[in-house]
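A.B. asks: Numbering (the UniProt record's numbering), first residue to last: 1 to 395. Right, I'll just put the structure down here and ask away after.
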Amino acid sequence: MGCFYEILTSRSLPVVVCFFLKASCHVGIIKTIGIYLEDINISLGTTSTDIGIALGLLNAFSNFPAPIIAALYRHHSIRRLLLIFGTCLASMGVALTSMANSNAQMSIYLSITGLGYCMVHICCTMTLHHVAQNFNLLFSISLTGYGVGMFLLPLIAEFLRQAYGWRGGLLIISALMAHIIPVGMAVKLESDESSTQRNGFQSVPSSPPEFNKEEESNISTSKDTEDDDRDVSGVFRRITNDLRQSDFYVDPVFNVLFGVTLASHMVWSGWHSFLVPHALQRGISIRNTIIITFSAAVGNTFGRAAVGVLTNSLVKPVTLFLFVTILNIAALLCDVYFNNFYAMLVTSCISAMAVGAEAVLGQLVVRNRASPEKFDVVYAAALIFIGSGGFLVAI
């Protein structure tokens with residue numbers, strides 16, 4: 001209880017709430033598009049493939065720009081602006097989607113939403129990483145928003161569809177999503193004053209008193225030569241040195257981790273994107289489909305929360321990852337052979353618990369192996385593989 005009291009009274013609480021809302025809206029908009037799928041097809045003349053590509057771009061832009069966002073986050077002066085701008089883009093993209101008149105427009109607007117989610121994700125994760133204390137628990141609680149959004153937003157979407165249609169429903173949902181903006185403004189992103197490193201570069205000590213003008217002239221000439229060399233081959237040499245000093249080169253296990261991340265998020269994205277259409281194609285009513293999403297939401301929330309509690313002090317993330325992977329395989333096999341409503345109710349809950357836990361555990365494993373000062377680079381690379389998994393499934 002003392003640990004939860006510390007969370008509720010800590011300055012990290014706005015970060016957790018902002019991350020929670022981002023997670024809820026991210027998965028919620030995917031489910032909402034699934035609810036509105038038939039109406040969108042009739043209105044815009046789209047196919048399931050077109051919607052799949054649009055959702056794939058949403059997932060891609062939620063992850064692919066991560067290295068650029070991580071590099072921008074190193075500049076302390078724009079961190080707060082980056083977070084607030086991301087919260088605005090997320091809700092604005094959904095509002096624009098409600099006004100789309102073609103497949104291309106829908107894809108572009110959902111990509112804008114994804115870019116906003118990427119900004120919020122990187123800013124919140126890096127902020128929690130710098131806090132360090134109880135990271136596993138804080139990170140897992142933040143990501144329980146996926147389970148809440150999985151159930152709550154489709155329920156709201158179906159209610160709004162009956163009254164306002166898919167366009168009005170998306171517009172109102174975008175207004176609800178805009179509540180993340182004031183939460184993002186409440187997050188305090190302070191620079192690390194005690195660090196000797198600023199924006200990724202170490203400060204250079206001043207020259208000693210006996211430093212004479214001749215030496216200064218020689219160094220100046222040498223610097224000019226280095227500048228010329230940098231223009232030709234210095235850039236490539238610097239990239240080579242950065243790669244050799246990176247965690248990827250020093251610890252080849254990261255290559256295996258990224259491969260596992262790609263595979264697990266192909267399963268994650270496919271399951272999230274097609275749970276609702278899969279249930280509807282089996283002839284299950286919309287009412288029962290919403291009940292299934294509620295069951296999945298409960299499992300997803302429980303799985304993510306359990307990961308935070310267990311990995312905080314009891315179990316290693318790698319061990320728990322292997323267990324939930326086996327559990328997910330068993331649940332998916334059962335779903336293939338038992339296609340009635342009650343069986344799907346149980347298997348969706350178990351699968352949601354497993355994929356939710358895997359999504360958190362994969363990122364915790366990466367953090368545990370990465371060097372603390374290079375975590376942003378490694379995490380951004382991991383998000384590229386996460387986005388690749390989602391995009392490959394969608395197309």
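Glycine residues also receive a C-beta, built at the ideal position from the N, C-alpha and C atoms. All values derive from a computational prediction rather than experimental measurement.
For Tyr-337, count the other beta carbons within 10 Å of its own beta carbon; 16 or more makes it buried, fewer makes it exposed. Which is it?
C.D. replies: Stepping through the sequence shown from its first residue, residue 337 is reached at position 337. Tyr-337 comes out exposed.
A.B. asks: So is Asn-368 buried or exposed if we call it buried at 16+ other beta carbons inside 10 Å?
C.D. replies: Sequence index remark: in the sequence shown, residue 368 carries index 368 (1-based). That one is exposed.
A.B. asks: Here's the rule I'm using: 16 or more other beta-carbon atoms within 10 Å means buried, otherwise exposed. How should Pro-182 be labelled?
C.D. replies: Indexing the sequence shown from 1 puts residue 182 at position 182. By the 10 Å Cβ count, Pro-182 comes out exposed.
A.B. asks: At the level of alpha carbons, what is the spacing between Met-266 and Phe-391?
C.D. replies: Start at 1 with the first residue of the sequence shown, and residue 266 comes out as number 266. Start at 1 with the first residue of the sequence shown, and residue 391 comes out as number 391. Cα to Cα, the separation comes out at about 8 Å.
A.B. asks: Determine, using beta carbons only, whether residue 409 and Ala-352 come nearer to each other than 9 Å.
C.D. replies: No answer is possible for residue 409: it lies beyond the span of the chain, which begins at 1 and ends at 395.
A.B. asks: How is Ile-284 classed by DSSP in three states: helix, strand or coil?
C.D. replies: Along the sequence shown, read from residue 1 onward, the residue named residue 284 stands at position 284. Ile-284: coil per DSSP, three-state reduction.
A.B. asks: Could you have a look at Thr-87 and say whether DSSP puts it in helix, strand or coil?
C.D. replies: Taking the sequence shown and counting its residues from 1, one reaches residue 87 at position 87. Thr-87 falls in the helix class under three-state DSSP.
A.B. asks: Between which residues of its own chain and His-26 is the CB-CB distance below 6 Å, once the five residues before and five after are set aside?
C.D. replies: Locating residue 26 in the sequence shown gives position 26, counting from the first residue. Cβ within range, chain order: Tyr-117.
A.B. asks: So what's Arg-79 in DSSP terms, helix, strand or just coil?
C.D. replies: Stepping through the sequence shown from its first residue, residue 79 is reached at position 79. Helix, per DSSP.
A.B. asks: For Met-344, which three-state DSSP category applies?
C.D. replies: Translated into the one-based positions of the sequence shown, residue 344 becomes position 344. The answer is helix: DSSP assigns Met-344 an H, G or I state.
A.B. asks: According to DSSP, simplified to helix, strand and coil, what is Val-315?
C.D. replies: The residue you call residue 315 lines up with position 315 of the sequence shown. Here Val-315 sits in coil by DSSP.
A.B. asks: Around the C-beta of Arg-304, are 16 or more other C-beta atoms found within 10 angstroms, so that it is buried, or is it exposed?
C.D. replies: Taking the sequence shown and counting its residues from 1, the one referred to as residue 304 is at position 304. Buried, because 16 or more other Cβ atoms sit within 10 Å of the Cβ of Arg-304.
A.B. asks: Rounded to a whole number of angstroms, what is the C-alpha to C-alpha distance between Glu-226 and Val-377?
C.D. replies: Your numbering for residue 226 matches position 226 in the sequence shown. Your numbering for residue 377 matches position 377 in the sequence shown. Because Glu-226 sits at a pLDDT of 47, beneath the cut-off of 50, its placement in the model cannot be relied upon, and the following sentence gives the value as read from the coordinates. Computed Cα separation, rounded: 27 Å.
A.B. asks: Assign Lys-22 to one of three DSSP states: helix, strand, or coil.
C.D. replies: The residue you call residue 22 lines up with position 22 of the sequence shown. If DSSP states are grouped into helix, strand and coil, Lys-22 belongs with the helices.
A.B. asks: Which residues bound the alpha helix (DSSP H) around Ser-107?
C.D. replies: By one-based count along the sequence shown, residue 107 stands at place 107. Taken as a continuous stretch (DSSP letters only), the alpha helix (DSSP H) holding Ser-107 covers 103–131.
A.B. asks: Examine the Cβ distances between the region 77–96 and the region 166–176 and report whether three or more of them are shorter than 8 Å.
C.D. replies: Touching, yes, given that three or more Cβ pairs across the two stretches are closer than 8 Å.
A.B. asks: Using C-beta distances below 8 Å, list every residue in its chain close to Val-365, excluding the 5 sequence neighbours before and after it, in chain order.
C.D. replies: The count along the sequence shown starts at 1 and reaches residue 365 at position 365. Only Leu-257, Pro-317, Val-318, Phe-321 meet the Cβ criterion.
A.B. asks: Confirm, please, whether the CB-CB distance from His-121 to Ser-24 is below 9 Å.
C.D. replies: To locate residue 24, count along the sequence shown from 1; it is residue 24. To locate residue 121, count along the sequence shown from 1; it is residue 121. Cβ atoms of Ser-24 and His-121: not closer than 9 Å.
A.B. asks: In this structure, does DSSP put Ala-370 in helix, strand or coil?
C.D. replies: Counted from its first residue, the sequence shown places residue 370 at position 370. Coil.
A.B. asks: Determine the burial state of Asn-136: buried for a count of at least 16 other Cβ atoms within 10 Å of its Cβ, exposed for fewer.
C.D. replies: Position 136 of the sequence shown holds residue 136. By the neighbour-count rule (16 or more Cβ atoms within 10 Å), Asn-136 is buried.
A.B. asks: Using 9 Å as the threshold, is the C-beta distance between Thr-293 and Lys-22 below it?
C.D. replies: Within the sequence shown, numbered from 1, the residue matching residue 293 stands at position 293. Within the sequence shown, numbered from 1, the residue matching residue 22 stands at position 22. Taking 9 Å as the Cβ cut-off, Thr-293 and Lys-22 do not qualify as a contacting pair.
A.B. asks: What are the boundary residues of the alpha helix (DSSP H) that Pro-154 is part of?
C.D. replies: Your numbering for residue 154 matches position 154 in the sequence shown. Counting along the chain, the alpha helix (DSSP H) containing Pro-154 begins and ends at 145–177.
A.B. asks: Around the C-beta of residue 396, are 16 or more other C-beta atoms found within 10 angstroms, so that it is buried, or is it exposed?
C.D. replies: Residue 396 lies beyond the stretch modelled for the chain, which goes from 1 to 395, so this question has no answer here.
A.B. asks: Given this structure, state the Cα-to-Cα distance separating Asn-59 from Gly-387, to the nearest angstrom.
C.D. replies: Residue mapping note: residue 59 aligns to position 59 of the sequence shown, counting from 1. Residue mapping note: residue 387 aligns to position 387 of the sequence shown, counting from 1. When rounded, the distance between both Cα atoms is 6 Å.
A.B. asks: So, is Pro-153 buried or exposed, given that buried needs 16 or more other C-beta atoms within 10 angstroms?
C.D. replies: Sequence index remark: in the sequence shown, residue 153 carries index 153 (1-based). In the sequence as displayed, the identity of residue 153 is Leu instead of Pro. Buried: at least 16 other Cβ atoms inside 10 Å.
A.B. asks: Between residue 396 and Thr-261, what straight-line distance do the alpha-carbon atoms span, to the nearest angstrom?
C.D. replies: No statement about residue 396 is possible, as the shown extent of the chain runs from 1 to 395 and does not include it.
A.B. asks: Between the C-alpha atoms of Ile-329 and Thr-46, what's the straight-line distance to the nearest angstrom?
C.D. replies: For the purposes of this step, residue 329 is identified with residue 329 of the sequence shown, where counting begins at 1. For the purposes of this step, residue 46 is identified with residue 46 of the sequence shown, where counting begins at 1. Answer to the nearest angstrom: the Cα atoms are 33 Å apart.
A.B. asks: Determine the closest residue to Ser-174 out of Ala-54, Leu-143, Cys-88, with distance taken between C-alpha atoms.
C.D. replies: Walking along the sequence shown from the start, residue 174 turns up at place 174. Measuring from the Cα of Ser-174, the nearest candidate turns out to be Cys-88.
A.B. asks: Since Val-324 contacts Ala-354 with CB under 8 Å, what's their CB separation in whole angstroms?
C.D. replies: Locating residue 324 in the sequence shown gives position 324, where the first residue counts as 1. Locating residue 354 in the sequence shown gives position 354, where the first residue counts as 1. So it is a contact: roughly 5 Å between Cβ atoms.
A.B. asks: Please report the Cβ distance between Cys-334 and Gly-184, rounded to the nearest whole angstrom; I am assuming they are in contact, meaning their Cβ atoms lie under 8 Å.
C.D. replies: Position 334 of the sequence shown, counting from 1, holds the residue named residue 334. Position 184 of the sequence shown, counting from 1, holds the residue named residue 184. The pair is not a contact, with the Cβ atoms about 41 Å apart (cut-off 8 Å).
A.B. asks: Can you list, in chain order, the residues of its chain whose CB lies under 7 Å from that of Phe-159, leaving out five sequence neighbours each side?
C.D. replies: As a position in the sequence shown, residue 159 is number 159, starting the count at 1. Nothing meets the Cβ criterion.
A.B. asks: Could you tell me the alpha carbon to alpha carbon distance between Leu-332 and Gly-283, rounded to whole angstroms?
C.D. replies: Position 332 of the sequence shown, counted from the start, is the residue given in the question as residue 332. Position 283 of the sequence shown, counted from the start, is the residue given in the question as residue 283. Straight-line Cα distance between these residues: approximately 19 Å.
A.B. asks: Cβ of Ser-142 within 9 Å of Cβ of Phe-302?
C.D. replies: Numbered from its first residue, the sequence shown carries residue 142 at position 142. Numbered from its first residue, the sequence shown carries residue 302 at position 302. No, the Cβ-Cβ distance between Ser-142 and Phe-302 is not below 9 Å.
A.B. asks: For Ile-78, which residues of its own chain have a beta-carbon under 7 Å away from its beta-carbon, when the five flanking residues on both sides are left out?
C.D. replies: Along the sequence shown, read from residue 1 onward, the residue named residue 78 stands at position 78. Same-chain partners within the cutoff: Leu-72.
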